[in-house]
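Contents: one structure, followed by commentary.
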Amino acid sequence: MSYTNPPTTPRKSATFDDYTLSEIRRAATTGIYDIRGGGAKRKLPHFDDLLFLGASISRYPLEGYRERCGTDVVLGARFAKKPIELKIPITIAGMSFGSLSANAKEALGRGATAAGTSTTTGDGGMSTEERGQSKTLVYQYLPSRYGMNPEDLLKADAIEIVIGQGAKPGGGGMLLGQKITDRVAAMRTLPKGIDQRSASRHPDWTGPDDLEIKILELREITDWQTPIYVKVGGARPYYDVALAVKSGADVVVVDGMQGGTAATQEVFIENVGMPTLACIRPAVQALQELGMHRKVQLIVSGGIRNGADVAKALALGADAVSIGSAALVALGDNDPIYEDEYRALGTTAGAYDDWHEGRDPAGITTQDPDLMSRLDPVLAGRRLANYLKVMALEAQTIARACGKNHVHNLEPEDLCALTIEAAAMARVPLAGTNWIPGQGGF
């Protein structure tokens, strides 16, 4: 009797997976690196790896319908004569006009105003639509200086000096020529239809001493009325936050690598920076050691999706969070109703990799007049306001469950971690133990 070996199922490499193989083939065919929008798609330790410890006997919960739980926050009271007062600790991150359509910028302003929070201009200047609909508008001061002028600085409610972005710390952004229309070109002083790459560093300073001088210049322009934020990409948060504080910032924004971008090299998005979760505690430590925690406010951004993420960021020591990608989804971007059109672009709803091409069927990340007209800024603004209010309610619900009468009273001891990595990054105990990796315990 003869025996034959049964056929085996071919096994693919975990290192050379299908996506990696396709990228090698694409690079070999084109000779250029891949450019896309969105944020990191690799799995990283994140807020999902943390859990809250609700009240029972050792802690006393609050009744949701009878006992107040505050969500308000004041930003920029360190030096500014007119600090920002918000109803909720969730702000809209900087996303440029050029990357986004005018209708999208208007919708962001409408939604943020209705929810009692702020929006941010982004790289590309201040659009009339966004300023007109934003009760509180933060004006970004970027290395590119696109659209920067003293008149708009004086119209802003706060100024954010952008040193880096979580999706590309150390690198500049891109705007492809098909999105540089007559209006975008005029605002940025660029030639129409030509690809541009933003600068990766400010042209007039090289370190914290120069940053201090720049902050003083902006304070003189605004007569010390306006809060000055400093935004850094999540790479060395302890040192960067400390230097921002010593340079005179009122608020520091730390953007982790789950933050999105309109367009940059994918190798940047996936391989540069630190997870948002890993950025918060070093940033807070720097503030605490300088005696400035809660005096200089910390805003955390990069992958914030729901009220639980908000509550966890606040519990770890942040004063507020900022959202970008999630806000665009709330407006209507990457909606499955446009799946056929996304497939025609070679992508799919939810992939977030088509933002840079200017052909967004939702009318959000485009300058095409026909596509832009699909987005109703009033309806989209209402959707964003609903989303922001739900996030705030979720954060309130968690705070009450932990016995806190304000979301800012949440603290690290209200948390435990599900993984060793998250426990080490967030510096909270592994669930069921008193062990914080690197800090002893059992």
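The opening position of the sequence shown corresponds to residue 1 in my numbering, with each subsequent residue numbered one higher.
Note that CB positions come from ideal geometry on N, CA and C, so glycine has one too.
Contact annotation: Gln258 and His408 have beta-carbon atoms that are not nearer than 8 Å.
Contact between Val253 and Ile299 holds, with the beta-carbon distance rounding to 4 Å and staying under 8 Å. Per DSSP, reduced to three states, the secondary structure at Ile304 is coil, with no helix or strand assignment. Contact annotation: Ala431 and Leu51 have beta-carbon atoms nearer than 8 Å.
For Lys231, the enclosing beta strand (DSSP E) begins and ends at 228-233. Val74 counts as exposed, since fewer than 16 other beta carbons sit within 10 angstroms of its beta carbon.
Val232 and Ile159 have their C-alpha atoms roughly 14 Å apart. Under DSSP, the beta-bridge partners assigned to Tyr139 are Ile159.
DSSP, reduced to helix, strand and coil, places Arg11 outside both helices and strands of the structure shown, so it counts as coil. For the pair Val245 and Lys168, the CB atoms are not nearer than the 8 Å cut-off. By the neighbour-count definition (other C-beta atoms within 10 Å, threshold 16), Arg427 is a buried residue. Counted as a single uninterrupted DSSP element, the beta strand (DSSP E) harbouring Ile92 occupies residues 90-92. Per DSSP, Cys279 is one residue of the alpha helix (DSSP H) stretching across 276-289. The straight-line gap separating the alpha-carbon atoms of Val321 and Ala235 is approximately 18 Å. Within the same chain, Leu176, Gly177 come within 6 Å of Asp195 by CB-CB distance, once the 5 residues on both sides are set aside. DSSP, read as helix, strand or coil, puts Phe268 in helix. The DSSP-derived three-state label of Ala107 is helix. The three-state reading of DSSP puts Thr128 in helix, counting H, G and I together.
For the pair of segments examined, the segment 258-267 was found not to touch the segment 281-298: the number of CB pairs separated by less than 8 Å stays below three. No residue range can be given for Ser118, since it is assigned to no beta strand (DSSP E) and is classified by DSSP as neither H nor E. Under the rule that a run must span 3 or more residues, the beta strand (DSSP E) segments found entirely inside the segment 48-90 read 50-52, 73-75, 84-86. Taking all protein chains in view, the Cβ of Ala14 is surrounded by fewer than 16 other Cβ atoms within 10 Å, so the residue is classified as exposed.
Buried is the label assigned to Phe97, since at least 16 other Cβ atoms lie within 10 Å of its Cβ.
The C-alpha of Asp34 lies about 46 Å from the C-alpha of Cys69.
Where Ser322 is concerned, the enclosing beta strand (DSSP E) starts and stops at 320-323. Distance between Lys404 and Pro89, taken at the CA atoms: about 16 Å. In the DSSP assignment, Leu415 falls within the beta strand (DSSP E) that extends over 415-417. The segment 208-216 makes no contact with the segment 126-139; the number of CB pairs closer than 8 Å stays below 3. Within the model, the alpha-carbon separation for Pro10 versus Phe16 is close to 14 Å.
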